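A short worksheet on the structure shown next.
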Amino acid sequence: MRLLLVEDNVPLADELVGALNRQGYAVDWLADGRDAVHQGASEPYDLIVLDLGLPGLSGLDVLQKWRAEGLATPVLILTARGSWAERIEGLKAGADDYLTKPFHPEELQLRIQALLRRARGLANQPKLEAAGLHLDEGRQSVSRDGEDIQLTAAEFRLLRYFMLHPEQILSKSHLAEHLYDGENERDSNVIEVHVNHLRRKLGRAVVETRRGQGYRFGGTGG
Ligand code: CA
Numbered sequence: 003m004r005l006l007l008v009e010d011n012v013p014l015a016d017e018l019v020g021a022l023n024r025q026g027y028a029v030d031w032l033a034d035g036r037d038a039v040h041q042g043a044s045e046p047y048d049l050i051v052l053d054l055g056l057p058g059l060s061g062l063d064v065l066q067k068w069r070a071e072g073l074a075t076p077v078l079i080l081t082a083r084g085s086w087a088e089r090i091e092g093l094k095a096g097a098d099d100y101l102t103k104p105f106h107p108e109e110l111q112l113r114i115q116a117l118l119r120r121a122r123g124l125a126n127q128p129k130l131e132a133a134g135l136h137l138d139e140g141r142q143s144v145s146r147d148g149e150d151i152q153l154t155a156a157e158f159r160l161l162r163y164f165m166l167h168p169e170q171i172l173s174k175s176h177l178a179e180h181l182y183d184g185e186n187e188r189d190s191n192v193i194e195v196h197v198n199h200l201r202r203k204l205g206r207a208v209v210e211t212r213r214g215q216g217y218r219f220g221g222t223g224g
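Count the sequence shown with our numbering and you get residues 3 to 224, in order.
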């Protein structure tokens with residue numbers, strides 16, 4: 003999953019980018035509200051974390067512009083402690099959730115996981131489940147029938163994307179856009195390598211190849 007972080011506090015942004023990367027998210031970081039309006043609407047983000055106090059344009063204005071343009075990406079706003087007015091304005095402007103600074107990084111992680119599941123219509127799942135597989139996003143491992151199967155970081159990222167989009171045809175370029183940040187070169191052949199590793203670990207049938215179209219996860223199970 004690929005996230006946009008808009009935060010002008012550089013030490014905090016550094017810390018959050020590091021933590022989110024370790025949790026298997028590709029993250030693009032911006033500090034200016036005007037840049038965020040453009041990039042948030044033009045890149046295919048799965049979720050946006052938006053600070054409200056920003057240079058250039060306030061986070062609230064950024065959010066209002068995105069929603070006016072029809073951008074439906076889940077947005078989690080970061081607000082100042084004690085500012086209930088900010089939280090209310092943010093929710094009215096179309097925020098999906100908020101966190102009050104300072105917050106524990108694990109709380110951000112859990113809220114992001116929940117928002118991503120909710121956005122995919124999977125709000126009823128406390129843990130991701132699909133095709134007989136149970137994904138533990140905290141431990142970055144997967145299990146089937148109670149048996150743990152170890153994953154590399156890259157396999158975990160790919161499997162999480164598949165499990166959030168079961169039975170959908172996903173092209174290699176689509177997967178690359180959602181698994182790598184804007185700084186990384188996107189080589190869609192790498193996707194093929196990781197798909198093959200997942201098949202070796204989880205069974206060939208778990209990811210089907212649709213010739214000329216892409217991959218489809220969880221059609222028949224493993
Ligand atoms: Ca700020």
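Glycine included, every Cβ here is placed at the ideal spot set by N, Cα and C.
Computed from a predicted structure; not experimentally measured.
Skipping 5 residues on each side, what residues in its chain have a beta carbon closer than 7 Å to that of residue 91? Within the same chain, residue 91 has close Cβ partners 62.
Cβ atoms of residue 127 and residue 119: under 8 Å apart, would you say? yes
Would you say residue 30 and residue 17 are within 8 Å of each other, going by their C-beta atoms? Taking the C-beta atoms as reference points, residue 17 is found no nearer than 8 Å to residue 30.
Between 212, 213, 207, 214, which lies nearest to residue 220 when the distance is taken from Cα to Cα? Looking at the Cα atoms, 207 is the closest of the given residues.
Take residue 171 as the anchor and find which of 135, 216, 191, 163 has the nearest alpha-carbon. 216
Pairwise C-alpha distance: residue 54 and residue 60: 6 Å
Residues that DSSP places opposite residue 172 in a beta bridge: 217
Where does the unbroken beta strand (DSSP E) through residue 138 begin, and where does it stop? 135-138
Taking the beta carbon of residue 25 as the centre, do at least 16 other beta carbons fall within 10 Å, making it buried, or is it exposed? buried
Sorry if obvious, but does the Cβ on residue 42 come closer than 7 Å to a heavy atom of ligand 1? Not so, every heavy atom of ligand 1 lies at least 7 Å from the Cβ.
Taking contact to mean 3 or more Cβ pairs, one atom from each stretch, closer than 8 Å, check whether the region 195-203 and the region 63-76 are in contact. no
Contact check, residue 101 vs residue 80 under 8 Å by CB: the rounded distance? 6 Å
By the DSSP assignment, the beta strand (DSSP E) with residue 144 in it spans what residues? Where residue 144 is concerned, the enclosing beta strand (DSSP E) stretches over 143-146.
Would you report the Cα separation of residue 168 and residue 174, rounded to the nearest angstrom? 15 Å
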